[in-house]
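Step one of this worksheet: look at the structure below.
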Amino acid sequence: MTLKIENHQLVGDLVSHRSTPNCGGIMAPSYLIFHYTAGRSTDSSVESLCTRKAQGNASAHVVLGRDGRIVQLAPFNVVTWHAGVSQWAGLVGLNSHSIGIEMDNAGLLKKVGSQYQAWFAKVYPDDEVTLAAHRNGGPVSPWHTYTEAQIERAVELADLLVEHYGLQDILGHEDIAPGRKTDPGPAFPLAAVRSRVIGREQDEPPRYVVTASSLNIRKGPDASFDRVAAALKSGSEVLLLEARDRWSLVEVVADPEIEGWVSNAYIAPSTGRGMALPRFTVAGPASTDPTIAVAKLKKGGKGKKARRHAP
Ligand SMILES: [Zn+2]
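Numbering-wise (our numbering), the sequence shown opens with residue 10 and increments by one.
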């Protein structure tokens, strides 16, 4: 039986439920956040995340075992306490905006003599150790590997959650609290999981469509700049290269030679599934922009398409 969600609870093989007291109010999640437990076992982590503590109550929506089993601790529309001090794309405190998946994994290990040890002194064999530098910085270090069953299950679960809740993106704790957190760390193929689930090249900028019947595309982020090409027709697709508060730099999908600035008031996210939507506020009512001067701007410089979505 494949996984499904009923009333914000998982149903499927190898799924069980507990109820953590460490949770808050109702929310509508926008992101999925992966973590490692830095714990000894799935069961020990479940116990810890279901326990009230004198300080530092923590929880998550699910714990994902090394054998692929899932223990759900709270419904997906309830706030759990997995993110802590965190921010992403203009949001602060991601607990109120995200689903948290804790994966059973010992995390960062240390070499003691010839052996790799967790902070709780358990020794891991060499074939359960990945030597890698963290993308946020630091030296090459030993990290506990994830199992194939766990990664496959992570993809299955992420796929279901992104689809069911229309999540905007899949992130690591290390993305939303980079100075403070290193999980899920370099042993977890987060970029691959994200691109498999979100279904886009990691470097592909978000797609928008023109909503005005005709939209000027200009050399700069203001109506005083000359146009770079004929006005874009309603429904034209553009890639958003840079978003500012009122104007965005875009590239025309049908003619990638055309790049210029358009008013944010007349573009909307393409409805393609799983696009990352940069946040900008549209100042309204938007100024209409009837004056049109045409010039074709050759794309200058390299690497504009390679600009990553919010790091
Ligand atoms: Zn974490």
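For glycine and all other residues, C-beta sits at the position ideal for the given N, C-alpha and C. Just so we're clear, the structure is a prediction, and the values are computed from it rather than from any experiment.
> If threonine 154 and glutamate 137 are in contact, beta carbons under 8 Å, what's the gap, nearest whole angstrom?
Replying inline: Counting from one through the sequence shown, the residue named residue 154 turns up at place 145. Counting from one through the sequence shown, the residue named residue 137 turns up at place 128. Threonine 154 to glutamate 137, Cβ: 5 Å. Contact.
>> Pull the bridge partners of leucine 268 from the DSSP assignment, please.
In response: Working through the sequence shown from its first residue, we reach residue 268 at position 259. Residue identity differs from the one stated: residue 268 is glutamate in this sequence, not leucine. Paired residue(s): Glu260.
>> For ligand 1, is there any heavy atom lying closer than 7 Å to the beta carbon of histidine 91?
In response: Against the sequence shown, residue 91 aligns to sequence position 82. Yes.
> Using DSSP with H/G/I as helix, E/B as strand and the rest coil, what is leucine 199?
Replying inline: Taking the first residue of the sequence shown as 1, we reach residue 199 at position 190. If DSSP states are grouped into helix, strand and coil, leucine 199 belongs with the helices.
> What are the residues that DSSP puts in a beta bridge with valine 138?
Replying inline: Residue mapping note: residue 138 aligns to position 129 of the sequence shown, counting from 1. In DSSP, valine 138 forms a bridge with His153.
> How big is the Cα-Cα spacing for isoleucine 207 and arginine 236?
Replying inline: In the sequence shown, the residue the question calls residue 207 occupies position 198. In the sequence shown, the residue the question calls residue 236 occupies position 227. The C-alpha of isoleucine 207 lies about 34 Å from the C-alpha of arginine 236.
>> Output needed for proline 151: all residues of its chain with C-beta closer than 8 Å, excluding positions within five of it in sequence on either side, in chain order.
In response: As a position in the sequence shown, residue 151 is number 142, starting the count at 1. Within the same chain, Leu117, Leu118, Lys119, Lys120, Tyr125, Val138, Thr139, Leu140 come within 8 Å of proline 151 by CB-CB distance, once the 5 residues on both sides are set aside.
>> How far does the beta strand (DSSP E) with aspartate 178 in it extend, from its first residue to its last?
In response: Counted from its first residue, the sequence shown places residue 178 at position 169. From DSSP, the beta strand (DSSP E) with aspartate 178 extends over 178-181.
>> Can you list, in chain order, the residues of its chain with a C-beta nearer than 7 Å to that of leucine 249? Leave out the 5 residues immediately preceding and following it.
In response: Locating residue 249 in the sequence shown gives position 240, counting from the first residue. Cβ neighbours of leucine 249 beyond the five flanking positions: Pro214, Pro215, Tyr217, Ser257, Val259, Pro287.
> Using the rule of at least 16 other Cβ atoms within 10 Å of the residue's Cβ for burial, across every protein chain shown, is aspartate 76 buried or exposed?
Replying inline: Walking along the sequence shown from the start, residue 76 turns up at place 67. When all chains shown are included, aspartate 76 counts as exposed.
> Taking the alpha helix (DSSP H) that serine 57 falls in, what are its first and last residues?
Replying inline: Within the sequence shown, numbered from 1, the residue matching residue 57 stands at position 48. Element bounds for serine 57: 51-58.
>> Taking its Cβ as the centre, do 16 or more other Cβ atoms sit within 10 Å of arginine 282, making it buried, or is it exposed?
In response: Counting from one through the sequence shown, the residue named residue 282 turns up at place 273. Residue placement at arginine 282 is flagged as unreliable, the pLDDT there being 39, under the threshold of 50; the coordinate-derived value follows with that caveat. Exposed is the label assigned to arginine 282, since fewer than 16 other Cβ atoms lie within 10 Å of its Cβ.
> Going by DSSP, what residues sit across from histidine 44 in a beta bridge?
Replying inline: Within the sequence shown, numbered from 1, the residue matching residue 44 stands at position 35. Histidine 44 pairs with Glu111.
> Any idea what DSSP makes of alanine 285, helix, strand or coil?
Replying inline: As a working mapping, residue 285 is identified with position 276 in the sequence shown. Any reading at alanine 285 is ruled out, since the residue's pLDDT is 41, under 50, leaving its predicted position unreliable.
>> Taking 8 Å as the limit between beta carbons, can you name the residues of its chain near valine 247, skipping five residues before and five after?
In response: By one-based count along the sequence shown, residue 247 stands at place 238. Only residues of its own chain outside the window of five on either side were considered, and among them Arg216, Tyr217, Val218, Val219, Leu241, Val259, Glu260, Val261, Val262, Val271, Ile276 have a CB closer than 8 Å to the CB of valine 247, listed in chain order.
>> For glycine 102, report the span of its beta strand (DSSP E) as first-last.
In response: As a working mapping, residue 102 is identified with position 93 in the sequence shown. Counting along the chain, glycine 102 sits inside no beta strand (DSSP E), nor does DSSP assign it H or E at all.
> Going along the chain, which residues put their C-beta within less than 5 Å of some heavy atom in ligand 1?
Replying inline: His44, His182, Asp192
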